[in-house]
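*Asks:* Residue numbers (the numbering used here), protein chains in the order written: chain U, 10 to 185; chain G, 10 to 185; chain L, 10 to 185.
The structure that follows is given in the form of C-alpha cells.
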Amino acid sequence: MNQKRKSFFQSIKERDPAAKSILQIILLYPGVQAVFWYRIAHFFYKINLKFIAYFIMFWVRNILNIEIHPAAKIGKRLFIDHGTGVVIGETTEIGDDVLIYHGVTLGGTGKHQGKRHPTIKNNVIIGAGVKILGPVTIGENSKIGANAVVITDVPSNSTAVGVPAVIKENGKPVSE
Amino acid sequence: MNQKRKSFFQSIKERDPAAKSILQIILLYPGVQAVFWYRIAHFFYKINLKFIAYFIMFWVRNILNIEIHPAAKIGKRLFIDHGTGVVIGETTEIGDDVLIYHGVTLGGTGKHQGKRHPTIKNNVIIGAGVKILGPVTIGENSKIGANAVVITDVPSNSTAVGVPAVIKENGKPVSE
Amino acid sequence: MNQKRKSFFQSIKERDPAAKSILQIILLYPGVQAVFWYRIAHFFYKINLKFIAYFIMFWVRNILNIEIHPAAKIGKRLFIDHGTGVVIGETTEIGDDVLIYHGVTLGGTGKHQGKRHPTIKNNVIIGAGVKILGPVTIGENSKIGANAVVITDVPSNSTAVGVPAVIKENGKPVSE
Chain U
10 MNQKRKSFFQ
20 SIKERDPAAK
30 SILQIILLYP
40 GVQAVFWYRI
50 AHFFYKINLK
60 FIAYFIMFWV
70 RNILNIEIHP
80 AAKIGKRLFI
90 DHGTGVVIGE
100 TTEIGDDVLI
110 YHGVTLGGTG
120 KHQGKRHPTI
130 KNNVIIGAGV
140 KILGPVTIGE
150 NSKIGANAVV
160 ITDVPSNSTA
170 VGVPAVIKEN
180 GKPVSE
Chain G
10 MNQKRKSFFQ
20 SIKERDPAAK
30 SILQIILLYP
40 GVQAVFWYRI
50 AHFFYKINLK
60 FIAYFIMFWV
70 RNILNIEIHP
80 AAKIGKRLFI
90 DHGTGVVIGE
100 TTEIGDDVLI
110 YHGVTLGGTG
120 KHQGKRHPTI
130 KNNVIIGAGV
140 KILGPVTIGE
150 NSKIGANAVV
160 ITDVPSNSTA
170 VGVPAVIKEN
180 GKPVSE
Chain L
10 MNQKRKSFFQ
20 SIKERDPAAK
30 SILQIILLYP
40 GVQAVFWYRI
50 AHFFYKINLK
60 FIAYFIMFWV
70 RNILNIEIHP
80 AAKIGKRLFI
90 DHGTGVVIGE
100 TTEIGDDVLI
110 YHGVTLGGTG
120 KHQGKRHPTI
130 KNNVIIGAGV
140 KILGPVTIGE
150 NSKIGANAVV
160 ITDVPSNSTA
170 VGVPAVIKEN
180 GKPVSE
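Right, here's the structure in full:
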C-alpha cells in the first residue's frame, strides 16, 4: 500500500464511509482536531515550553474527550475515529497511516520505567475499546479487535482478539 | 411487557433506581438530553440540512460525551444511562424501549457497504462497554453483558457475554 | 504499606510517572479535580441540598468526563488517572489509596435494591475499562486487569482478569 503521496483528507474518506467532505472533516471530526492540537502541543513540548503543551492537551481532552500526551511521537495521517476515551501515553510511538477507534488506550502497566508505552507500526488498525499496555510493539498492517487487551508483542500482518488478546493469524515476524 | 402507553419519564424511573424526579431527569440526565438533540438533528438531516444536523451532534458529542449519527433511526423511549463514550453509527436502527449504558458502540466492521451498523429490536438492554459491530440484529428482549463484543446476530430472549460474545441462553429465533 | 501520613500529591507522583509537579497536578489532572468537586458535592448531598450536589456533578461529568454520584462514599487519596468514562454509582464505597484508571465502571446489575454498587477496599488498583457490577467486594491490595468484568467478590491480595473475570491468584479471604 503506497499511501505516502495520499493526502490526509483523502485517506480519511477512504477509511470512514460516513465522511462526506473536507470541510466536514475539518470542522466536525474531533479526532482530526485532537491530532491537529497535539502537533501544536508537541512543538511546544519539544522547545521545553511543557506547561503550555500540557495546558493545550488538558483542554483538548476536556472538550474533545481525546487524551494525547504531548511527548508522544506520532507519524503521518493518524486518524482517530470518534475518539471519546482515547488515551495515548507519554512514551508511545505511532507510525504512519494508523487508524485508532474510540476508547483505545496506549498505556502503561506500572511495571516499567522510561519507555513504558506501546510502539505501533505503520498501517495498524486498533478497534474500539482496545487496551494496549506496556512497551510492546504492534507490527505493520496488524489489526486489534474491539475490546481486546494486548500486553505482548503482536507480529506484522496479524490479528489479535480477546481479554487478554490471543494472536489469531501469525504473519511474518516484525523485521525491525 | 406492555410499555406502549407508558410515559418516557416513568419508564426511566423504572429503569434507573437513582432517578428521583422528572425535573432531575430533564436537567441532569445527559443521555436524555443527547436523545432530545438527536431528534432535532435527525429532523434537519431528513430535510437535507445535513450540515446543521452534523453540527448539532458534534457539539452534543463534545459536551455530553455521547455520539449519535443524525441519520440513525431510533424508536421510542430509548434511554441512554450515564452515556459517556456511546457511539451510534449512521445506519443503526433501534427499536422501542431500548436501554443502553455508557461506553456502548453500535458500529461498523469496515467490511460492509450501505447498511453496515446493527439493528437493535425492542426491549433490548446493552451493558456498559459493549461493542456491537456490523449489520447484525439483536432480537427482542435480549441482554448483552458488560464489555461483550458482538459480531453475529443474537436471537430474541437471549443473553450474550464475552469477547467475542457467546450466546448463553438461546431463545426463540427472531421472527422478523 | 504505611501510606497514612503520605501527602496526597506525593502519593500521585509515586503512582503516575508522568506527574512532574504539584501545580501540574492541581491544574491539569482531571481525576484530581473531579474528586475535589465530588467532595464539595458530597457535602451538599449530606446536608440534603441534593439538587446542588447533582448539578455540580452533572457539569463535572460533562467537562471532565468523569461521573461520580454525590452519594458515593470515598476514602482518602483516591486517584483517578486519565478518567474519561469513569462512572461511580450511588451506593459505591471506596477505601483509602485506591487507584482507578479511565473507563472504569463501579455500577449496578439492575437486580439489586438498596446497596447495589461495589465496595472497594484499601490499596486496590482497577485497570482501564474495568466494569465491576453489583454489591460485590474487592479485597485489600487486589488488582483488576484492564477491560475485566467483575460480578463476584474478589479476595484480598488477588488479581482478576477476563470477561467475566477469573481470579488468578487467590490470597487470604477478606477478613471483614
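By construction, the Cβ of each residue, glycine as well, lies at the ideal position given by its N, Cα and C atoms.
Residues in the same chain with beta-carbon distance under 8 angstroms from D162(U), minus the five sequence neighbours each way, listed in chain order, please.
*Replies:* Same-chain partners within the cutoff: V145, T146, I147, G148, V183.
*Asks:* Exposed or buried, G123(U), counting other C-beta atoms within 10 Å across all chains shown (16 or more means buried)?
*Replies:* With fewer than 16 Cβ atoms within 10 Å of its Cβ, G123(U) is classed as exposed.
*Asks:* Tell me the rounded alpha-carbon separation between V44(G) and V69(L).
*Replies:* If I take the Cα positions, the gap works out to 20 angstroms.
*Asks:* In the DSSP output, what is L190(L) paired with across the bridge?
*Replies:* For residue 190(L) there is no data in the structure shown, the boundaries of chain L being 10 and 185.
*Asks:* Per the contact definition of three or more C-beta pairs closer than 8 angstroms, is the segment 46-60 of chain G in contact with the segment 70-86 of chain L?
*Replies:* No, because fewer than three Cβ pairs between the segment 70-86 of chain L and the segment 46-60 of chain G fall closer than 8 angstroms, the two stretches do not touch.
*Asks:* Determine which residues of the segment 45-77 of chain U have a Cβ less than 7 angstroms from any Cβ of chain G, and write them out in chain order.
*Replies:* Answer set for the segment 45-77 of chain U: I72, L73, N74.
*Asks:* Take the Cβ of K152(G) as the centre, count every other Cβ of all protein chains shown within 10 Å, and call the residue buried at 16 or more, exposed below.
*Replies:* Flag for K152(G) reads buried.
*Asks:* So with Cβ pairs under 8 angstroms, would you call K140(G) a contact of chain U?
*Replies:* Chain U contact via Cβ: present.
*Asks:* Taking CB distances under 8 angstroms as the criterion, tell me whether K13(L) reaches chain U.
*Replies:* Legend: pLDDT at K13(L) = 49, less than 50; position of this residue unreliable, no value from coordinates given.
*Asks:* Kindly provide the ranges of any alpha helix (DSSP H) runs that are 4 or more residues long and lie completely inside the segment 27-65 of chain G, ordered along the chain.
*Replies:* 31-37, 39-55, all fully within the segment 27-65 of chain G.
*Asks:* In the DSSP output, what is V159(G) paired with across the bridge?
*Replies:* I141(G), per the DSSP bridge assignment.
*Asks:* Identify, in the order they occur along the chain, each residue of the same chain with its Cβ nearer than 6 angstroms to the Cβ of T128(U), setting aside the five sequence neighbours on each side.
*Replies:* Around T128(U): E102, T146.
*Asks:* Just verifying my parser: in three-state terms, what is the DSSP assignment at L108(L)?
*Replies:* Correct three-state label for L108(L): strand.
*Asks:* At what residues does the alpha helix (DSSP H) containing E23(G) begin and finish?
*Replies:* Element bounds for E23(G): 17-24.
*Asks:* Output the distance between the C-alpha atoms of T118(L) and G154(G), rounded to the nearest integer angstrom.
*Replies:* Their Cα atoms are separated by approximately 10 angstroms.
*Asks:* Keeping to the same chain, check which residues put their C-beta closer than 7 angstroms to that of G171(G); ignore five residues upstream and five downstream.
*Replies:* Taken in chain order, the residues that qualify are A157.
*Asks:* V172(G) CB to nearest chain U CB: under 8 angstroms?
*Replies:* For V172(G), the answer is yes, since a Cβ of chain U falls inside 8 angstroms of its Cβ.
*Asks:* Going by DSSP in three states, V172(G) sits in which element: helix, strand or coil?
*Replies:* It is coil, neither helix nor strand.
*Asks:* Using a cut-off of 7 angstroms between C-beta atoms, extract the partners of Q33(L) located in chain U.
*Replies:* Correct list: Y63.
*Asks:* With distances taken between CB atoms, is the gap from W159(G) to V133(G) smaller than 8 angstroms?
*Replies:* A small correction: the amino acid at residue 159(G) is Val; Trp does not occupy that position in the sequence shown. Contact flag unset, no.
*Asks:* State the beta-bridge partners of E102(G) as determined by DSSP.
*Replies:* According to DSSP, which records beta bridges pairwise, E102(G) is partnered with K82(G), T128(G).
*Asks:* Would you list, in chain order, the members of the segment 112-142 of chain U that have their beta-carbon closer than 8 angstroms to a beta-carbon of chain L?
*Replies:* Residues G112, T114, G116, G117, G119, Q122, R125, G138, K140, L142.
*Asks:* Taking the alpha carbon of G84(U) as the reference point, which residue from A27(U), D105(U), Q19(U), E76(U) has its own alpha carbon closest?
*Replies:* The option with the nearest alpha carbon to G84(U) is D105(U).
*Asks:* Taking the beta carbon of E23(G) as the centre, do at least 16 other beta carbons fall within 10 Å, making it buried, or is it exposed?
*Replies:* The residue is exposed, with fewer than 16 neighbouring Cβ atoms inside 10 Å.
*Asks:* Just the chain L side, please: which residues come within less than 7 angstroms of A27(G) by C-beta, in chain order?
*Replies:* Neighbours of A27(G) on chain L, chain order: H78, E99.
*Asks:* Does the Cβ of F88(U) have 16 or more other Cβ atoms within 10 Å, making it buried, or fewer, making it exposed?
*Replies:* Buried.
*Asks:* Which residues in chain G sit within 9 angstroms of N166(U), going by Cβ to Cβ distance?
*Replies:* Those do not exist, as N166(U) stays about 16 angstroms from chain G at its closest Cβ, beyond 9 angstroms.
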